[in-house]
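Asker: Here our numbering is used: position 92 in the sequence shown is 94, and no number is missing along the way. Structure in structure tokens, see below.
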Amino acid sequence: MTVAPLRIGNASGFYGDRFDAMREMLTGGPLDVLTGDYLAELTMLILGRDRLKNPSGGYARTFLGQLEECLGLAHERGVRIVANAGGLNPAGLADAVRQLAERLGIPVRVAHVEGDDLTAGHPRSLAAHAYLGGAGIAACLREGADIVVTGRVTDAALVTGPAVAHFGWAPDAYDRLAGAVVAGHVLECGTQATGGNYAFFTDHDPARLRHPGFPLAELHEDGTSVITKHDGTGGLVDLGTVTAQLLYETSGARYAGPDVTARLDSVRLTQEAPDRVRISGVRGEAPPPTLKVGLNRLGGYRNEVAFVLTGLDIEAKAALVRDQMEAALDAAKSRPTEVRWDLARTDHPDAPTEETASALLRLVVRDRDQDAVGRTLSGAAIELALASYPGFHVIEPPGKGSPYGVFEDMYVPQNTVAHVAVLHDGRRVPVAPATDTLVLEPAPEPALPEPLPPGPTRRAPLGAVAGARSGDKGGNANVGVWVRSDDAWRWLVHQLTDDRFQNLITESRHLKVVRHTLPNLRALNFVVEGILGEGVAAQHRFDPQAKALGEWLRSRHLDIPEALL
Numbered sequence: 003m004t005v006a007p008l009r010i011g012n013a014s015g016f017y018g019d020r021f022d023a024m025r026e027m028l029t030g031g032p033l034d035v036l037t038g039d040y041l042a043e044l045t046m047l048i049l050g051r052d053r054l055k056n057p058s059g060g061y062a063r064t065f066l067g068q069l070e071e072c073l074g075l076a077h078e079r080g081v082r083i084v085a086n087a088g089g090l091n092p093a094g095l096a097d098a099v100r101q102l103a104e105r106l107g108i109p110v111r112v113a114h115v116e117g118d119d120l121t122a123g124h125p126r127s128l129a130a131h132a133y134l135g136g137a138g139i140a141a142c143l144r145e146g147a148d149i150v151v152t153g154r155v156t157d158a159a160l161v162t163g164p165a166v167a168h169f170g171w172a173p174d175a176y177d178r179l180a181g182a183v184v185a186g187h188v189l190e191c192g193t194q195a196t197g198g199n200y201a202f203f204t205d206h207d208p209a210r211l212r213h214p215g216f217p218l219a220e221l222h223e224d225g226t227s228v229i230t231k232h233d234g235t236g237g238l239v240d241l242g243t244v245t246a247q248l249l250y251e252t253s254g255a256r257y258a259g260p261d262v263t264a265r266l267d268s269v270r271l272t273q274e275a276p277d278r279v280r281i282s283g284v285r286g287e288a289p290p291p292t293l294k295v296g297l298n299r300l301g302g303y304r305n306e307v308a309f310v311l312t313g314l315d316i317e318a319k320a321a322l323v324r325d326q327m328e329a330a331l332d333a334a335k336s337r338p339t340e341v342r343w344d345l346a347r348t349d350h351p352d353a354p355t356e357e358t359a360s361a362l363l364r365l366v367v368r369d370r371d372q373d374a375v376g377r378t379l380s381g382a383a384i385e386l387a388l389a390s391y392p393g394f395h396v397i398e399p400p401g402k403g404s405p406y407g408v409f410e411d412m413y414v415p416q417n418t419v420a421h422v423a424v425l426h427d428g429r430r431v432p433v434a435p436a437t438d439t440l441v442l443e444p445a446p447e448p449a450l451p452e453p454l455p456p457g458p459t460r461r462a463p464l465g466a467v468a469g470a471r472s473g474d475k476g477g478n479a480n481v482g483v484w485v486r487s488d489d490a491w492r493w494l495v496h497q498l499t500d501d502r503f504q505n506l507i508t509e510s511r512h513l514k515v516v517r518h519t520l521p522n523l524r525a526l527n528f529v530v531e532g533i534l535g536e537g538v539a540a541q542h543r544f545d546p547q548a549k550a551l552g553e554w555l556r557s558r559h560l561d562i563p564e565a566l567l
């Protein structure tokens, strides 16, 4: 007997996403399950600090606010809700949801998943959590839960869990599970799948992208899916928006998780109709024997000051104030252990406004001692107010310094993590680890198409022919680049080598860059190791999450065949 497709939507891509999205998704059209992703690497650090202040906290409180408005709607429409908003305290959030439901007089069954918290075994960490799969979610749903909250699970687990519960897939239904993982990866970042942060946004009416609707997937029993959105909502779903999200925060062709390793090089996309993209052909393999564990700890304190340099002699002004500050820091009782300078030439000659005539010299300091980045820095900077370059001023005076976090990852055997589904009636159901596993290895590089024949070229930005999307994974960044025609692919795959990438992205020249090739998507994925230092919370660079790294790459000029322009 054929099982009906599962219509599963997303209403949150991060902690702080559009508050009204849950209501919009519940009222915009039919759904079976509504998911919400609230946890990024940085969010776990934020919740860890919250838990230090209030041991009963540690979860995403906005989720409760959304439920207060929408719990009745979900109950009336029979929509189940699955969210990782439990953060560091899924049991606490489950209790809070039950209290809310009782106060509202809405009979809902609330379950949660736990076992991801490994902090006790890592006492130097503020939070240490394993990335669990979807099996615990599936167990809760099979036993009748209306709402399931989790802690740290993989983003795709919010989709694989409901899919397993709905279709009854066995743990070794790898191709079907992989199809659900790919659909979940497209949904996880909300409106990034429906035109948000989209490289080719100028190809579309701005009014259409002003308020993009959230995405949903029509998931089928064979693991295929259609990515779409509710009728009448803003944004768009096309091959480009789905490709961009598929490349986001991934690396090679093997996309590993606790449930399955999905082969991204097998994914095929088809524009089935306006705002409907079919995902098919996804192959899966046994998951790796280990689980990723994210460790967040406090790294120390940081502070910064931005000196405004206006008009003439920008380089000389920067050199003067830098020499003065370095001398003052050297003479201080405690010089910061890390001192970083960056000059941003935002100035223009003969500028019509003072702001456009100005450059910014940014000084960032870090140290384990708050005084070293607070009093030391502020004293040195303020004392130069009347003794430095002409036009001296700063964006704002440096403060006391603020704590920053460090993210690290490690791996532990799956069978050492006690994954547990805590059902709505209080029963605790252990979730068995994967029995068949496969050690993760890089996929072989595919054969390349023939290059384009020689022809006239024109100097132009890469973005004239290619889209990109970039993001962070710990201290690494990925940049996915794709094109929209076979001829453009024949050019891109031969021209944008890892060496060429490093020449264009100068920050990566001293780092390891690995290129991965995904011909079905006409895409290349570059992983730049270490460019983000100790992760987003350390704020190592100007763009700490590498969100705009891909747009910088698109702005760089190459010799592009005129036939492609």
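Cβ atoms here follow ideal geometry from the backbone N, Cα and C, with glycine treated the same way.
1. So what does Tyr303 bridge to, in DSSP terms?
2. Between which two residues does the alpha helix (DSSP H) carrying Ala176 extend?
3. Between Gln247, Phe65, Arg278 and Gly393, which lies nearest to Leu314 when the distance is taken from Cα to Cα?
4. Enumerated in chain order, which unbroken segments of the beta strand (DSSP E) with a length of 3 residues or greater are wholly contained in the stretch 41-110?
5. Could you work out which residue in Glu71, Ala42 and Pro125 is closest to Gly88 when comparing CA atoms only?
6. Tell me which residue opens and which closes the alpha helix (DSSP H) that Phe169 is part of.
7. Within this structure, are the beta carbons of Leu555 and Val467 separated by less than 8 Å?
8. Does the beta-carbon distance from Pro432 to Val422 come in below 8 Å?
9. Whole angstroms is fine: what's the gap from Val228's alpha carbon to Val408's?
10. What three-state label does DSSP hand Phe544 in the structure shown?
11. In the structure shown, what three-state DSSP assignment does Asp489 receive?
12. How far does the beta strand (DSSP E) with Ser282 in it reach, from first residue to last?
13. When you compare the CB positions of Leu365 and Met327, do they come within less than 8 Å of one another, or not?
14. Using DSSP bridges, identify the partner residues of Ile229.
15. So, with DSSP's three-state summary, where would you put Thr245?
16. If you follow the beta strand (DSSP E) that Ile533 is in, where does it begin and where does it stop?
17. Note down the Cα distance separating Ala565 from Asn522, rounded to an integer number of angstroms.
18. So, with DSSP's three-state summary, where would you put His512?
19. Express the C-alpha separation of Ala246 and Thr193 in angstroms, rounding to a whole number.
20. Return the first residue and the last residue of the beta strand (DSSP E) that Arg285 is part of.
21. For the alpha helix (DSSP H) that contains Leu555, what are its first and last residues?
22. Val151 and Asp261: beta carbons closer than 8 Å?
23. If I follow the unbroken alpha helix (DSSP H) through Ser472, where does it start and stop?
24. In the DSSP assignment, the alpha helix (DSSP H) including Leu28 goes from what residue to what residue?
25. In the structure shown, what three-state DSSP assignment does Ile384 receive?
26. Classify Pro521 as helix, strand or coil using the three-state DSSP reduction.
27. Given that a residue counts as buried once 16 or more other Cβ atoms are within 10 Å of its Cβ, and exposed if not, what is Gly153?
28. Distance, Cα to Cα, Ser487 vs Pro463?
29. Going by C-alpha distance, which of Ile384, Glu306, Glu287 and Leu297 is nearest Ala330?
30. If the criterion is Cβ atoms closer than 8 Å, does the pair Val99 and Ile149 meet it?
31. Quick check on Glu251: does DSSP put it in helix, strand or coil?
32. Beta-carbon within less than 6 Å of His168's beta-carbon, same chain only, minus the 5 sequence neighbours each way: which residues are those?
33. Let me make sure I understand the geometry here. Which of Glu357, Leu28, Gln372 and Thr235 has the alpha-carbon closest to that of His213?
34. Express the C-alpha separation of Pro405 and Asp119 in angstroms, rounding to a whole number.
35. Tell me the residue span of the beta strand (DSSP E) that contains Leu345.
36. What's the gap between the Cα of Glu553 and the Cα of Arg105?
Answerer: With the given structure in hand:
1. Asp369 and Pro405
2. Here residue 176 is Tyr; the residue named in the question, Ala, does not match the sequence. Start and end: Tyr176 to Leu189.
3. Gly393
4. 82-85
5. Ala42
6. Ala159 to Phe169
7. no
8. yes
9. Straight-line Cα distance between these residues: approximately 38 Å.
10. coil
11. helix
12. Arg278 to Ser282
13. Judged by their CB atoms, Leu365 and Met327 are nearer to each other than the 8 Å cut-off.
14. Ala219 and Val279
15. Looking at Thr245 - three-state DSSP - the assignment turns out to be helix.
16. Per DSSP, Ile533 belongs to no beta strand (DSSP E) and is neither H nor E.
17. 22 Å
18. coil
19. 12 Å
20. Counting along the chain, the beta strand (DSSP E) containing Arg285 begins and ends at Arg285 to Glu287.
21. Leu551 to Ser557
22. For Val151 and Asp261, no; Cβs fall outside 8 Å.
23. Unbroken run through Ser472 is the beta strand (DSSP E), Ala468 to Lys475; no alpha helix (DSSP H).
24. Ala23 to Gly30
25. helix
26. helix
27. buried
28. 17 Å
29. Nearest neighbour of Ala330 by Cα position, chosen from Ile384, Glu306, Glu287 and Leu297, turns out to be Ile384.
30. yes
31. coil
32. Leu8
33. Thr235
34. 23 Å
35. Glu340 to Ala346
36. 48 Å
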